[in-house]
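The block underneath contains the structure these notes are about, expressed in structure tokens.
In the working numbering, the protein residues as written are 3 to 311.
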């Protein structure tokens, strides 16, 4: 289980990261990417996600949110350190991009990350409602402070789980705080993401698959009822931690995608086992007072392991 102390410890690595990554700015979706290490960015993101229970019991819908004032820290690596999924900004549909974060000395300017308080986040679901209270971080770093929101470490619910209902409407509302405004947003839950095949292998009931590392990975999944309203993102990673080597691909929700061998080769050099997560993503930009940009996502995901045979 992720704890606020774990997150604070993870952030120690954050302030050794370069202020920019391989991402290209200017796309319609994803965290802002700043070329200037010292530039201030005020950004917010909320993600609700249902993970397909492939080899484990369902954990329902998990919710995570962060609203930040980042100075001298790029938003993308900050979200990585907070263990929050994000789409690579500027990634075109039908393409893959390597996302590796290099380390560099601190800049001469002081870097800081203030995680803003918007009050408790109320979640209205079809059956049981829930609330995400702000959880204050321990005072371990003067430059990294504030509150985090996440059902994995703080969840007040009428039931044990926030149940998942495809096509149902979920409401997310918060009163706002002194530095970030209120919001009241509804999102429709996308259809579940279920991988059914990989390189010709049946995959419905397996937790992983062995593949030939010299070949691309051919994925097949169940198509959504309304595929025009969602994108599919494929994240493949080697190792652990916010600076692990990763590849992200983006495609339309048409039921199939081939991850190129050239994209996977650097990951196979790092590790013999890779984690692959395929997400069906519904995105809604939100205007929030006090922030430059805010993105809300409802995602459904399927996760499994790849090993070389």
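Beta carbons: idealized from backbone N, C-alpha and C, even for Gly. Treat the numbers as computed from the prediction; the structure is a model and nothing was measured.
Quiz item: In the DSSP assignment, what are the bridge partners of residue 240?
Solution: 247
Please confirm if residue 306 has its CB atom under 8 Å from at least one CB of chain C. Here there is only one protein chain, and chain C is not present.
Exercise. How is residue 265 classed by DSSP in three states: helix, strand or coil?
Worked result: helix
Under the three-state DSSP convention, the category residue 78 falls into
helix
- Contacts around residue 2, its chain only, beta-carbon distance under 6 Å, and the 5 residues preceding and following it disregarded: Past the boundaries of the shown model lies residue 2; the chain is included only from 3 to 311, so the question cannot be answered.
Using 10 angstroms around the beta-carbon of residue 81, count the other beta-carbons present and answer buried if the total reaches 16, otherwise exposed.
buried
- Query: Taking one C-beta from the stretch 203 to 211 and one from the stretch 239 to 253 each time, how about it: are there three or more such pairs within less than 8 Å?
  - Reply: no
Exercise. Name the residue from 269, 296, 287 whose alpha carbon lies nearest to the alpha carbon of residue 99.
Key: Ranking 269, 296, 287 by Cα distance to residue 99 puts 269 first.
| Between residue 287 and residue 308, what straight-line distance do the alpha-carbon atoms span, to the nearest angstrom? | 33 Å
Relative to the C-alpha of residue 301, which residue among 285, 211, 267, 214 is closest?
285
Q. Do you know whose CA, among 42, 147, 60, 222, lies nearest residue 77's CA?
A. Ranking the options by Cα distance to residue 77, first place goes to 42.
Where does residue 310 sit, in a helix, a strand or coil, going by DSSP? strand
ask   = Bridge partners of residue 149, per DSSP?
value = According to the DSSP secondary-structure assignment, residue 149 is paired through a beta bridge with 138.
- Alpha carbon to alpha carbon, how far is residue 29 from residue 120? With a pLDDT of 43 at residue 29, under the threshold of 50, the modelled position of that residue is not reliable, and no figure is offered here.
Q. Using the C-alpha atoms, what's the distance from residue 263 back to residue 297?
A. 31 Å
**Message:** Taking the beta carbon of residue 216 as the centre, do at least 16 other beta carbons fall within 10 Å, making it buried, or is it exposed?
**Reply:** exposed
Along the chain, where does the beta strand (DSSP E) containing residue 217 start, and where does it finish? Neither: residue 217 is in no beta strand (DSSP E) and is coded neither H nor E.
Nonlocal neighbours in the same chain, by C-beta distance under 7 Å from residue 209, ignoring five residues either side: 56, 57, 306, 307
Q.
If you measure between the beta carbons of residue 196 and residue 223, is that distance less than 8 Å?
A. Going by C-beta atoms, residue 196 is nearer than 8 Å to residue 223.
Query raised in the report: Got a sec, what are the start and stop residues for the beta strand (DSSP E) residue 49 sits in?
Result: 42 to 53
| said: So, at 6 Å on beta carbons, what are the nonlocal neighbours of residue 153 in its own chain, with the 5 sequence-adjacent residues on each side left out? | reply: 64, 65
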